[in-house]
Amino acid sequence: MANDNIAAVKSELGALRQLVEQRLSEDGVREKAFDQLYEELKAYKEDWQFQAEKPLLLDLLLFYDSLNWFQESLVKQEMSRDVVADSFQYLIDEFLELLYRRDVVPMEPSRVFDRKRHKAVQVVDTEDKSQDQTIQQVLKRGFNRGERILRAEEVVIRRHKVE
Numbered sequence: 355m356a357n358d359n360i361a362a363v364k365s366e367l368g369a370l371r372q373l374v375e376q377r378l379s380e381d382g383v384r385e386k387a388f389d390q391l392y393e394e395l396k397a398y399k400e401d402w403q404f405q406a407e408k409p410l411l412l413d414l415l416l417f418y419d420s421l422n423w424f425q426e427s428l429v430k431q432e433m434s435r436d437v438v439a440d441s442f443q444y445l446i447d448e449f450l451e452l453l454y455r456r457d458v459v460p461m462e463p464s465r466v467f468d469r470k471r472h473k474a475v476q477v478v479d480t481e482d483k484s485q486d487q488t489i490q491q492v493l494k495r496g497f498n499r500g501e502r503i504l505r506a507e508e509v510v511i512r513r514h515k516v517e
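Position in the sequence shown (first residue = 1) + 354 = the numbering used here.
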């Protein structure tokens with residue numbers, strides 16, 4: 355009977371050993387599958403990011419070409435101030451077109467200060483009460499992307515001086 359018990363225990367130990375080895379083997383396969391999946395996901399993420407940025411980068415390269423053209427034009431020939439101004443305006447228009455293609459547009463001009471759209475970087479006192487909280491000067495133009503503010507407009511505002 356003792357031999358039967360020993361044989362039964364050995365048989366059960368053998369079955370347990372086989373089960374543990376099988377589980378370890380499955381864990382190794384699972385770990386390799388996760389590693390491979392992680393690498394594929396990483397490659398997909400990098401490619402997705404590149405594909406998402408590629409149109410913008412190509413537009414920027416076109417703008418770079420225009421800047422080079424402008425520089426070469428300045429170096430090759432003496433240009434009048436009007437020609438330089440027109441050429442520079444062309445570059446600004448081209449850059450705005452690049453932004454338009456990304457749904458980025460300049461803010462509509464406003465005479466009245468709006469905390470949601472404007473950032474007051476300087477305040478100038480005024481004695482004219484009707485000029486209170488009006489914009490005296492735009493220092494940096496603001497831009498929207500869709501309905502959202504991408505960059506607030508930096509402005510100088512007038513404040514009624516109370517005495």
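We put the beta carbon where it would ideally sit given N, CA and C, even for glycine.
Quick caveat: nothing in here was measured; it's all calculated off a predicted structure.
| message | To the nearest angstrom, how far is the alpha carbon of V485 from that of M461? | response | Per the sequence presented here, residue 485 reads as Gln, with Val not at that position. Across the structure, Q485 and M461 are spaced so that their CA atoms are roughly 21 angstroms apart.
| query | With distances taken between CB atoms, is the gap from V438 to A474 smaller than 9 angstroms? | reply | no
| request: Taking only the alpha-carbon atoms, compute the straight-line gap between H514 and Q490 and give it to the nearest angstrom. | output: 13 angstroms
| request: Give the single residue among D419, E451, R495 whose Cα lies nearest to the Cα of R471. | output: R495
| task | Look up R512 in the DSSP assignment and give the residues it is bridged to. | result | In the DSSP output, where bridge partners are listed per residue, R512 has V478.
| field | For T488 and R469, believed in contact at Cβ under 8 angstroms, the rounded distance | value | Contact doesn't hold; Cβ gap of about 14 angstroms is too wide.
| Distance between beta carbons of L445 and L421, contact taken as under 8 angstroms | 7 angstroms
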